[in-house]
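In this note's numbering, the protein residues as written are 32 to 280.
Positions of the beta carbon are idealized from the N, C-alpha and C atoms, including for glycine.
Since the model is a prediction, treat every value here as computed from it, not as a measurement.
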């Protein structure tokens, strides 16, 4: 793994400041995702289309490539948090030859879809898809077990949690306030899921590399990054998507 190159002074400054947050959104509500995956289950049954690949196939491919290039043991225990249709794990199984894969999501509909897709590809024995509330310590312990995971993956799940309404996520009572307790609990759940020296690879479209480092550096050490297509605006260069790797120390 290559050490990330970042402006440590800026990161340290960020750590001492109140980090920016967003207003709550339907993208942070469980009922929204249940509805999305209900539709995608029907589409998959009718047409075989697996549904949307969050952030696009190129971003997913780069995450898969990073894992393949940095995790040598194909029997490493890998968890995809908020797995959705299971695309990341399907690619790791098919292209990377990984055999000890678990995908979790708080939406039972997402898990049903992922299980159906995996079965259609003959991978239902290779990948376990399980309903899990990743913000529950008991649920984290249940899935991680005593062995825990070598790798935890996140492609957009932390983004959704950062948009979770404070009221718990019901469509009838959603407020503009995000659930800060959920945001603070998420890194703890990641650490509790990882073995010592385990790796956490996260992709976000809401937070920059430096912001992700500032948010997780209390719990994990940054060890790498994935480069994505950049843009230039006002003399500054940036990325619309950030992927950062961390290690549990």
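Rounded straight-line distance, which links the Cα of residue j to that of residue i
| i | j | result |
| --- | --- | --- |
| residue 191 | residue 104 | 31 Å |
| residue 124 | residue 97 | 14 Å |
| residue 59 | residue 144 | 20 Å |
| residue 244 | residue 112 | 19 Å |
| residue 228 | residue 215 | 22 Å |
| residue 277 | residue 61 | 27 Å |
| residue 257 | residue 100 | 12 Å |
| residue 226 | residue 184 | 14 Å |
| residue 92 | residue 122 | 8 Å |
| residue 279 | residue 230 | 6 Å |
| residue 196 | residue 137 | 15 Å |
| residue 174 | residue 222 | 13 Å |
| residue 193 | residue 139 | 21 Å |
| residue 110 | residue 132 | 6 Å |
| residue 253 | residue 94 | 16 Å |
| residue 64 | residue 102 | 31 Å |
| residue 86 | residue 187 | 8 Å |
| residue 246 | residue 172 | 23 Å |
| residue 232 | residue 272 | 13 Å |
Where residue i falls, given that 16 or more other Cβ within 10 Å makes a residue buried
| i | result |
| --- | --- |
| residue 88 | exposed |
| residue 281 | In the structure as shown, the chain begins at 32 and stops at 280. Residue 281 is therefore absent and cannot be evaluated. |
| residue 249 | exposed |
| residue 274 | buried |
| residue 108 | buried |
| residue 80 | exposed |
| residue 128 | exposed |
| residue 240 | buried |
| residue 224 | buried |
| residue 208 | exposed |
| residue 150 | exposed |
| residue 70 | exposed |
| residue 141 | buried |
| residue 210 | buried |
Three-state secondary structure (DSSP) of residue i
| i | result |
| --- | --- |
| residue 102 | coil |
| residue 256 | strand |
| residue 120 | helix |
| residue 166 | coil |
| residue 80 | coil |
| residue 181 | strand |
| residue 225 | strand |
| residue 61 | helix |
| residue 155 | coil |
| residue 128 | coil |
| residue 91 | helix |
| residue 75 | helix |
| residue 147 | helix |
| residue 220 | helix |
| residue 56 | coil |
| residue 85 | coil |
| residue 142 | helix |
Those residues which DSSP pairs with residue i across a bridge
| i | result |
| --- | --- |
| residue 134 | 111 and 160 |
| residue 235 | 273 |
| residue 186 | 234 |
| residue 196 | 209 |
| residue 278 | 230 and 252 |
Quiz item: Is the stretch 153-160 touching the stretch 178-191 in the sense that three or more CB pairs, one from each, lie closer than 8 Å?
Solution: no
Self-check item: Segment contact flag, the stretch 68-83 with the stretch 158-174, C-beta cutoff 8 Å, min 3 pairs
Solution: no
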